[in-house]
Amino acid sequence: MTTNYRLLSLQRDLMNTAQQIDQLCRGLEGHARFLRHSVHPEDANTMGEQVQELRDSAQDMRGIAHTIHP
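Numbering (the working numbering), first residue to last: 2 to 71.
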């Protein structure tokens, strides 16, 4: 069986992007904590929802990557 290097590259890209999104989410969660204790607590809720959407996207990317068989 030959390895499809394009699919392997796509799989790696999806996993790397998901990891980068996770890192971004950690930073945004820190900012949301700051907002909760500032004069903008309602913005923290909005940001928390957006962070969860990003996490869901990262999880979707991982799921797609796991279905790829190079």
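Using N, Cα and C, we set each Cβ at its ideal position, and we do this for glycine too. Fair warning: this is a prediction, and the values are worked out from it, not measured in the lab.
**Item:** Opening and closing residue of the alpha helix (DSSP H) in which Val52 lies
**Value:** 42-68
**Prompt:** Short check: CB of Asp23 to CB of Ala59, under 9 Å?
**Reply:** yes
**Message:** Are the CB atoms of Ala45 and Arg37 within a distance shorter than 9 Å?
**Reply:** yes
**Prompt:** Going by the CB atoms, is the gap between Met62 and Ala19 shorter than 9 Å?
**Reply:** yes
**Asked** Do Ala71 and Gln12 have their C-beta atoms within less than 9 Å of each other?
**Response** As written in the sequence, residue 71 is Pro, which differs from the Ala given in the question. Yes, the Cβ-Cβ distance between Pro71 and Gln12 is below 9 Å.
**Asked** Under three-state DSSP, which class holds Ser10?
**Response** helix
**Prompt:** Among residues of its own chain, excluding the 5 on either side of Arg7, which ones have a beta-carbon nearer than 7 Å to its beta-carbon?
**Reply:** none
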